[in-house]
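Report on the structure given below.
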Amino acid sequence: MGSTSTPCLWITFCLHLCCLMNTGKAQNAKEVILLDSKAQQTELEWISSPPGGWEEISGLDENYTPIRTYQVCQVMEPNQNNWLRTSWIEKGDAQRIFVELKFTLRDCNSLPGVVGTCKETFNLYYQETDSEVGRNIRENQYVKIDTIAADESFTQGDLGERKMKLNTEVRIIGPLSRRGFYLAFQDVGACIALVSVNVYYKKCWSIIENLATFPDTVTGSEFSSLVEVEGMCVGDAEEEADNAPKMHCSAEGEWLVPIGKCICKAGFHQKGDACEPCGRGFYKSSSQDLQCSRCPAHSYNDREGLWRCDCEDGYYRAHSDPPSVACTRPPSAPQNLVYNINQTTVSLEWSPPADMGGRNDVTYRIMCRRCSWEPEECVPCGGNVGYSPQQAELVDTYVNVVDLLAHANYTFEVEAVNGVSDLSRTQRLFAAVSVATSQAAPSQVSEVIRERVQQRSVQLSWQEPEQPNGVITEYEIKYYEKDQKDRIYSTVKSRSTSATVNNLKPSTAYVFQIRAFTTAGYGTYGPRLEVTTKEEASASTIVSSEQNPVIIIAVVAVAGTIILVFMVFGFIIGRRYALAGPIDSPLLHCGYSKADQEGDEELYFQCTKTYIDPETYEDPNRAVHQFAKELDASCIKIERVIGAGEFGEVCSGRMKLPGKRDTSVAIKTLKVGYSEKQRRDFLCEASIMGQFDHPNVVHLEGVVTRGKPVMIVIEYMENGSLDAFLRKHDGQFTVIQLVGMLRGIAAGMRYLSDMGYVHRDLAARNILVNSNLVCKVSDFGLSRVIDDDPEAVYTTTGGKIPVRWTAMEAIQYRKFTSASDVWSYGIVMWEVMSYGERPYWDMSNQDVIKAIEEGYRLPAPMDCPPGLHQLMLDCWQKDRADRPKFDQIVGILDKMIRNPNTLKTPLGTCTRPISPLLDQSTPDFTTFRSVGEWLEAIKMERYRDNFTVEGYSSLESVARMSIEDVMSLGITLVGHQKKIMSNIQTMRAQMLNLHGTGIQV
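FYI, in mature numbering (1 follows the signal peptide of the UniProt record, and there is no 0) the residues of the sequence shown are -26 to -1, 1 to 975.
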């Protein structure tokens, strides 16, 4: 080993062995090669300084292909400084460069005599430039990347055993800002062979995802950076509404976090990564549809890529019909048209058409023509004829035509029409009938004249009606006092066109109406005439009163005595009834109360109705019939089942009472095979509801107890229960609308509380909403009465309690008061402001009870005004005496509604107290080893697969998520979205505290 040539030749020989022993590694498809020394078989011609240092030699790879390598082995002389510089490397769009080195290195211990001069490392440098800078190497212009050491070095003995392996080291350069760079290798006295140098950068190659094309994208400059890339929809596709396609290119050249998507346009469907047109005979009406559909009945298309199908001849599609509806045609004529004449009124009835045209929106319209005795001389009836219920858009198959002329000929045509009748070009189809009217009652007496007015009589005269329709035999004069309206009236008969009405009161306003009579009957009353009789003046009476004031005093004294007697008598009778227990109606408590009128106290008399517990009746049936109206089962028509109750099904239907219009109702039915106790419990709710009459309490229409099934009939609330309604319309109401709902609920509860009534199960599920968004309290199955004493409570003997809605004292001691209803109302407020979210989320009942005992209260929902949340907290005071009354709650909400500025709050924020329980339960992300463990800790483990499928495998990737990312995972419950985002924000804060920076939010 006396010269430097021997170690170098020895390395060259080793190099051949290394190449034969190590197979080539295929380049990763995510990498773009900038320099690969192995791929160049000619001389590399890199710059070596000094010239006697690094030496370019030839070698063989695993396929015996010549390759060019560099080696140096100046180990015998100290203070070596041998530099090797590559050719200029243009970086392109890359900012972050990877350098892979493969080399062999001789163990210094295997070289005798080189102690102190031999090294086992070399240095890697780079220099950024915008162009080539010549062949001189200036060391001070290079930036050091790293000192490279071998994982495995070899000795001379390894040659025989063939155990040598190449060392592979990868280093990263970046971010780079100029057009290119040089790599340089510094040897300080090692015996080393540089087998290959591979320089590359990573990029995400173009792909098609969710029908969007994402172009080649170079990775970011930082290890943790994600490059957001917007996709372009493929042909015949469009972006989903407000959901543009995006993906993120990771530092490793992988596409991550897909957001949004493209969907095929109307007339096209997805096939693989492209949109193809719908074939002939198929259509797709909207981009939201997934697949093409076959043309509906009586329609066709003969081209590809259509969004709708054309109707066949004679068939039509209404403007409001979607393309998926079959084409239809007008109905045929009505059948079996019959009529009935009653003087000048004609009643028509008919049967539906034999062919409805394939539609269910068939209505009927009536055409009336008055005809002379000559044929085909008919004119329209005009506006003087009336139709009941109406002339057009009739749903029922009957109509009454009134106010026809007597002794006249009429023709009536009844036409059936549907949604496409006006589109049809074919001839109208109708049923017709001709009728002749008979004798009619006379028309109105149109003009009445007051001839003479006296103190006790009025003389009137009038003209004969314009259409007497026969011989008038008499007139009837109807009169009544104006203040009494027409509730109490009298009549006078007259055979002429004048009459005198006697026995009237002086100085009194009367109303007079007159009608005529023939053999056909009475006509209708004419217009009202108001007449005031003269004052009665008696001089002798006035003088007598002035000269005898004693008489006046005596009269006043007698009247006062009579009034006092009646008041005392009424008080005694009322007191007896109040002490008599259950009576025939809810108790009335009467007395004098004070009211403050602008600072002055005013005394007024007030009566308050008090609720009666049906259980105080010995015979429960008596309570039902006392408070609930018995309905005839024939008046109730059940149409469909809308739910299930404790005792049977809940249905919707119609109620038609005699003389009244039919109305929509909800019907609770008692299931077949019920016991007598079940019947009593079922009807008990009706006994309770029948005592209430308030616009914010569900109204009882009546009961059916004398037929089967036994039914409770209540008003129909179109929008159903409040909790489901709010979840369905999440985020669609203004704060004022939500507060208006809360105000209605509070008003209903104030009414029940004033009656001395405790609900016990107040929750959003037991509030019903009608079509006008009016909220009404319902479901009185768990309710009980309380005494007049405001501190009185009801103690249950068992049964289930809705823990999440129930006050602490009611849970612990089963004591219920109006104050416990106030607690429940606070929970209802929270439900409304969170759009039906479950109180306390996924906490168990035992956890809820423990948390409340420790002082935890629900935080304010998102975007909740601070004043509303403070009112909730007031309702959840531990001491029930500290909670507000319902009349106070109504007043507070009224003030908020009158002053909307109190309901404003910055978007996404809400003032809420810091809860020690929440602080203690905040998870520390550093204790979790995986995303799954973190989800389990926050009780969201049900979404483990959602996170895994979308590629969120590390807590760092989760920390970068936004609310849109959470929603894209398919997490639809708003409460769960908020809970996950809250914990993500906590995780970000903890990461920033640990690292200072590095997480991109």
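Think of the CB as a built atom: it goes at the ideal place given N, C-alpha and C, for glycine as much as any other residue.
Hey, out of the options, whose CA is closest to residue i's CA?
i: residue 218; options: 248, 186 and 228; result: 186
i: residue 909; options: 950, 465 and 230; result: 950
i: residue 241; options: 220, 235 and 278; result: 278
i: residue 447; options: 143, 492, 408 and 505; result: 492
i: residue 320; options: 272, 254, 246 and 410; result: 410
i: residue 264; options: 220, 237, 695 and 290; result: 237
i: residue 322; options: 339, 372 and 39; result: 372
i: residue 209; options: 901, 78 and 246; result: 246
i: residue 1008; options: 636, 231 and 28; result: The first residue shown for the chain is -26 and the last is 975, placing residue 1008 beyond what the model contains.
Would you decide whether residue i is buried or exposed? Buried here means 16 or more other CB atoms lie within 10 Å of its CB.
i: residue -2; result: Model confidence at residue -2 stands at a pLDDT of 42, short of 50, so the residue's coordinates are unreliable; what they give is reported in the following sentence. Exposed is the call here.
i: residue 795; result: buried
i: residue 136; result: At residue 136, the pLDDT of 48 sits below 50, so the modelled position is not reliable; the number obtained from the coordinates is stated separately. Counting Cβ neighbours within 10 Å, residue 136 comes out exposed, since fewer than 16 surround it.
i: residue 939; result: buried
i: residue 498; result: exposed
i: residue 667; result: exposed
i: residue 206; result: exposed
i: residue 346; result: exposed
i: residue 946; result: exposed
i: residue 390; result: buried
i: residue 139; result: exposed
i: residue 40; result: exposed
i: residue 445; result: exposed
i: residue 490; result: buried
i: residue 705; result: exposed
i: residue 811; result: buried
Under 8 Å by Cβ, that's how I've got residue i and residue j pegged, so tell me the actual separation to the nearest angstrom.
i: residue 807; j: residue 835; result: 4 Å
i: residue 284; j: residue 305; result: The pair is not a contact, with the Cβ atoms about 22 Å apart (cut-off 8 Å).
i: residue 481; j: residue 440; result: 36 Å between Cβ atoms; not a contact.
i: residue 254; j: residue 276; result: 6 Å
i: residue 438; j: residue 471; result: 6 Å
i: residue 211; j: residue 249; result: 5 Å
i: residue 100; j: residue 147; result: 6 Å
i: residue 723; j: residue 799; result: 6 Å
i: residue 96; j: residue 144; result: Contact flag wrong, Cβ pair sits at about 15 Å.
At which residues does the alpha helix (DSSP H) containing residue i begin and terminate?
i: residue 383; result: Where residue 383 is concerned, there is no enclosing alpha helix (DSSP H), although the beta strand (DSSP E) it sits in stretches over 383 to 391.
i: residue 745; result: Residue 745 -> no alpha helix (DSSP H), and no H or E assigned at all.
i: residue 243; result: It is not in any alpha helix (DSSP H) - residue 243 instead sits in the beta strand (DSSP E) that spans 242 to 245.
i: residue 9; result: Looking at the DSSP string, residue 9 is not in any alpha helix (DSSP H); the run it does join, the beta strand (DSSP E), is 5 to 10.
i: residue 905; result: 905 to 911
i: residue 804; result: 792 to 807
i: residue 668; result: Neither: residue 668 is in no alpha helix (DSSP H) and is coded neither H nor E.
i: residue 922; result: 918 to 923
i: residue 849; result: 840 to 849
i: residue 870; result: 860 to 872
i: residue 99; result: Per DSSP, residue 99 belongs to no alpha helix (DSSP H); it is in the beta strand (DSSP E), 95 to 103.
i: residue 819; result: 819 to 827
Between which two residues does the beta strand (DSSP E) holding residue i run?
i: residue 448; result: 448 to 455
i: residue 341; result: 337 to 345
i: residue 198; result: First-last for residue 198: undefined, no H or E at that position.
i: residue 222; result: 220 to 223
i: residue 307; result: Taken as a continuous stretch (DSSP letters only), residue 307 belongs to no beta strand (DSSP E), as it is neither H nor E.
i: residue 186; result: 186 to 188
i: residue 155; result: 154 to 161
i: residue 490; result: 483 to 492
contact_flag[the region 652 to 662, the region 587 to 596] where n(CB pairs < 8 Å) is 3 or more: yes
The region 899 to 907 / the region 917 to 928 touching (three or more Cβ pairs under 8 Å): yes
Given 8 Å, three or more beta-carbon pairs between the region 698 to 710 and the region 675 to 685: no
At least three beta-carbon pairs within less than 8 Å, the region 374 to 383 to the region 452 to 470: no
Touching by the beta-carbon criterion (3+ pairs, under 8 Å), the region 476 to 486 and the region 415 to 430: yes
Cβ pair count under 8 Å reaching 3, the region 81 to 88 against the region 168 to 188: no
The region 110 to 127 / the region 176 to 183 touching (three or more Cβ pairs under 8 Å): no
The region 86 to 103 / the region 186 to 196 touching (three or more Cβ pairs under 8 Å): no
Touch test, the region 732 to 750 against the region 691 to 701, Cβ-Cβ under 8 Å, three pairs minimum: yes
Segment contact flag, the region 859 to 866 with the region 815 to 827, C-beta cutoff 8 Å, min 3 pairs: no
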